[in-house]
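A short worksheet on the structure shown next.
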Amino acid sequence: TSPGTYSLVFETEEIEAFFAPNLLAGIIYISIENFTSQQLRININVQMEEIFPGMSAFYFILIVAAIIGVVGSLTTYRVVQQARIPKFVKKVRKVKGSIKSKKTISESLVTKTKDQMMVKLYGDDWKELELSLENTLGIVDLKLKPTPLKAKKSKMGGDRD
């Protein structure tokens with residue numbers, strides 16, 4: 002009712018602006034002493050909460066979730082792909098890599114032959130029949146010693162025969 006500058010504080014905490022900005026429209030009615038009135042239209046723009054300047058929390062969460070989803074799916078795909086490869090094939094690949102790099106082949110990488118696997122699976126059954134599957138297949142239990150694949154050099158610089 003007296004002349005001067007008036008201010009109004011409008012709280013926007015209860016207005017939901019997480020997913021998108023929210024625009025509020027309003028009208029201010031001003032009545033002056035000589036019974037004249039005036040209307041002012043105002044717009045209040047409630048912005049989304051920003052984690053970083055220019056990056057709203059909603060879009061930040063979406064981007065992080067998308068990155069985690071892509072990395073997780075690629076990791077899962079790779080783990081499942083590796084789990085489907087039989088251990089025998091994995092051992093053969095390691096032996097192949099050892100041969101190419103000219104390293105010694107450890108005894109843990111040596112795989113059993115088909116006959117040795119048959120003895121392991123059916124040897125007890127044959128023993129119950131008082132038969133020897135090892136003798137039938139001609140298997141001699143030999144321990145393989147790892148040998149280096151590097152060729153020895155002579156003092157002259159060439160390969161030794």
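Heads up, the numbering used here is the position in the sequence shown plus 1, with the first residue counted as 1.
Quick reminder that beta carbons are idealized off the backbone N, C-alpha and C, glycines included.
Simplified DSSP state of residue i, which is helix, strand or coil
{"i": "I28", "result": "strand"}
{"i": "Q83", "result": "helix"}
{"i": "F53", "result": "strand"}
{"i": "R42", "result": "strand"}
{"i": "V10", "result": "coil"}
Exposed unless 16 or more other CB atoms sit within 10 angstroms - verdict on residue i
{"i": "L9", "result": "exposed"}
{"i": "V120", "result": "buried"}
{"i": "S57", "result": "buried"}
{"i": "L41", "result": "exposed"}
{"i": "L134", "result": "buried"}
{"i": "I16", "result": "exposed"}
Spatially closest choice to residue i from the options, by CA coordinates
{"i": "A26", "options": "L63, E15, E14, I43", "result": "I43"}
{"i": "V96", "options": "S107, Q39, P87", "result": "S107"}
{"i": "I45", "options": "G124, E12, T114, T137", "result": "E12"}
{"i": "Y7", "options": "A18, E15, E17, I31", "result": "I31"}
{"i": "I33", "options": "G5, I68, R79", "result": "G5"}
{"i": "I140", "options": "A67, F36, K115, K128", "result": "K115"}
{"i": "Q117", "options": "S99, K101, T137", "result": "T137"}
Below-8 angstroms beta-carbon distance, residue i vs any chain C residue
{"i": "R79", "result": "In the structure shown, chain C does not exist; there is a single protein chain."}
Segment contact, 8 angstroms Cβ cut-off, at least three pairs: the segment 18–26 with the segment 46–55 | yes
For the segment 110–137, which segments carrying the alpha helix (DSSP H) assignment without a break, of at least 4 residues, lie completely within its bounds, in sequence order?
-> 115–129
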